[in-house]
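Chains as they are written, first to last, in the numbering used here: chain A, 1 to 177; chain P, 1001 to 1191. By construction, the Cβ of each residue, glycine as well, lies at the ideal position given by its N, Cα and C atoms. Since the structure comes first, as structure tokens, the remarks are kept for the end.
Set out below in structure tokens:
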């Protein structure tokens, strides 16, 4: 039994984390922007980041399935349950949130061309009735994901600063490939 | 001085007479009217390489086509620019603004054919004047004809430069292609 994450798992974790926080910030700002070329550009990058997150998450699920993460450090049962539940929720949302955004974009008549280079298939057809519903789902999902990321950060800091255990440190330790 | 009763009687045939005259003029134009419900007119613009389709919901026109004499084809199309639907209300409001289609000042776009050349069987090449937003351009389009039950379908597409028609300011060039594809499927009655 190892007490470390693999380098791949660590790299995936921090890359996805940085991308998700960026995408959430863009999503928060862009909907209120006045129509401009910059707004379209921000929307495009938001979508491309989302597609990147989805792709990395699929890799991450496969990696995690074949490379079990280290067991949780000793902690009260309620914290253990909360940690497992929050991690499961984060994994689910990091897969579903890009998908709802992708579907919303398609329903609103915007196919996604990844980085302006790779045309992606439409998940749904252009649909004026479905678009507002998917928008609602994507916005609510974004809010829930932001809350979950916030709790995840707070919990990591709590383990590091208050419990002074290895929880955060072992996600930073760059060894054992 | 005519009595009111006579006035009413006199007016009662003005309507039908005008209708008759209108039908006569329409027939003289010698083209079958475009059936809006069965036809589509789509503009496809590219936003950072992602094709976005915008439908014109309202247009009218006529096509006079004789299979035996395709070169004698005459086609006109008038497009209600306020009927453009990009897919959402915000974008629809945006494209109606002065920098784009300026629909308040230029509510109509039109195409009038000027010359037609016969092509492969079931095809012809039409040249005509396209007028959008006060700008006119000559365009040439290859059109295919498909027989339907009691009707004909005319299909084609061509690419135009939106900037040639003053559509969109230069600041958008980085995110929006100049080339816009127009695709049509026009159904007119007639065997």
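Under a CB-based cut-off of 8 Å, is residue i close to chain P?
{"i": "residue 44 of chain A", "result": "yes"}
{"i": "residue 12 of chain A", "result": "no"}
{"i": "residue 35 of chain A", "result": "yes"}
{"i": "residue 134 of chain A", "result": "no"}
{"i": "residue 131 of chain A", "result": "yes"}
{"i": "residue 101 of chain A", "result": "no"}
{"i": "residue 109 of chain A", "result": "yes"}
{"i": "residue 139 of chain A", "result": "no"}
{"i": "residue 40 of chain A", "result": "yes"}
{"i": "residue 178 of chain A", "result": "Any question about residue 178 of chain A goes unanswered here, given that chain A covers just 1 to 177."}
{"i": "residue 50 of chain A", "result": "no"}
{"i": "residue 171 of chain A", "result": "no"}
Give the DSSP bridge partners of residue i, in chain order.
{"i": "residue 1138 of chain P", "result": "P:1129"}
{"i": "residue 1080 of chain P", "result": "P:1108"}
{"i": "residue 1056 of chain P", "result": "P:1084"}
{"i": "residue 1034 of chain P", "result": "P:1188"}
{"i": "residue 1115 of chain P", "result": "P:1127"}
{"i": "residue 1143 of chain P", "result": "P:1124"}
{"i": "residue 1148 of chain P", "result": "P:1151"}
{"i": "residue 1051 of chain P", "result": "P:1046"}
Distance cutoff 8 Å, beta carbons only. Does residue i sit that close to anything in chain A?
{"i": "residue 1050 of chain P", "result": "yes"}
{"i": "residue 1088 of chain P", "result": "yes"}
{"i": "residue 1174 of chain P", "result": "yes"}
{"i": "residue 1047 of chain P", "result": "yes"}
{"i": "residue 1025 of chain P", "result": "Summary for residue 1025 of chain P: the model assigns pLDDT 49, below 50, so the residue's position carries little reliability; its value from the coordinates is reported in the next sentence. False, the Cβ-Cβ gap to chain A never drops below 8 Å."}
{"i": "residue 1171 of chain P", "result": "yes"}
{"i": "residue 1053 of chain P", "result": "yes"}
{"i": "residue 1094 of chain P", "result": "yes"}
{"i": "residue 1028 of chain P", "result": "With a pLDDT of only 42 at residue 1028 of chain P, under 50, the local geometry of the prediction cannot be trusted, and the value read off the model is given with reservation. For residue 1028 of chain P, the answer is no, since every Cβ of chain A falls outside 8 Å of its Cβ."}
{"i": "residue 1099 of chain P", "result": "no"}
{"i": "residue 1181 of chain P", "result": "no"}
Under three-state DSSP, which class holds residue i?
{"i": "residue 92 of chain A", "result": "helix"}
{"i": "residue 1063 of chain P", "result": "strand"}
{"i": "residue 135 of chain A", "result": "helix"}
{"i": "residue 1046 of chain P", "result": "strand"}
{"i": "residue 106 of chain A", "result": "helix"}
{"i": "residue 1039 of chain P", "result": "coil"}
{"i": "residue 1028 of chain P", "result": "Residue placement at residue 1028 of chain P cannot be trusted, given a pLDDT of 42 that sits under 50; what the coordinates show is reported in the next sentence. Looking at residue 1028 of chain P - three-state DSSP - the assignment turns out to be helix."}
{"i": "residue 1124 of chain P", "result": "strand"}
{"i": "residue 119 of chain A", "result": "strand"}
{"i": "residue 124 of chain A", "result": "coil"}
{"i": "residue 1071 of chain P", "result": "helix"}
{"i": "residue 4 of chain A", "result": "coil"}
{"i": "residue 113 of chain A", "result": "strand"}
{"i": "residue 169 of chain A", "result": "helix"}
{"i": "residue 1165 of chain P", "result": "helix"}
{"i": "residue 100 of chain A", "result": "helix"}
{"i": "residue 145 of chain A", "result": "helix"}
{"i": "residue 86 of chain A", "result": "helix"}
{"i": "residue 151 of chain A", "result": "helix"}
{"i": "residue 1098 of chain P", "result": "coil"}
{"i": "residue 78 of chain A", "result": "helix"}
{"i": "residue 1103 of chain P", "result": "coil"}
Over what stretch of residues does the beta strand (DSSP E) that includes residue i continue unbroken?
{"i": "residue 179 of chain A", "result": "This structure cannot settle anything about residue 179 of chain A, because the visible part of chain A is limited to 1 through 177."}
{"i": "residue 1156 of chain P", "result": "1151–1161"}
{"i": "residue 1178 of chain P", "result": "1176–1189"}
Since residue i is in the alpha helix (DSSP H), which residue starts that stretch and which ends it?
{"i": "residue 64 of chain A", "result": "37–66"}
{"i": "residue 1090 of chain P", "result": "1089–1095"}
{"i": "residue 7 of chain A", "result": "7–30"}
Residues of chain P with a CB under 9 Å from the CB of residue i: which are they?
{"i": "residue 112 of chain A", "result": "1050"}
{"i": "residue 126 of chain A", "result": "1053 and 1087"}
{"i": "residue 65 of chain A", "result": "Ordered by position in chain P, no residue passes the 9 Å Cβ test against residue 65 of chain A, which lies about 33 Å from the chain."}
Listing by chain order, which chain A residues have their CB less than 7 Å from the CB of residue i?
{"i": "residue 1103 of chain P", "result": "In chain order: nothing, as chain A lies at least about 16 Å away."}
Is any non-hydrogen atom of the ligand MN found closer than 7 Å to the C-beta of residue i, if you look at the structure I gave you?
{"i": "residue 1039 of chain P", "result": "Because no ligand of any kind appears in the structure shown, any question about the ligand MN cannot be addressed here."}
At 8 Å on the CB atoms, spell out the chain A contacts of residue i, in chain order.
{"i": "residue 1067 of chain P", "result": "Under the 8 Å cutoff, chain A gives no residues; its nearest Cβ is about 35 Å from residue 1067 of chain P."}
If the cut is a Cβ gap below 8 Å, which residues of chain D does residue i touch?
{"i": "residue 116 of chain A", "result": "Among the protein chains in the structure shown, which are A and P, there is no chain D."}
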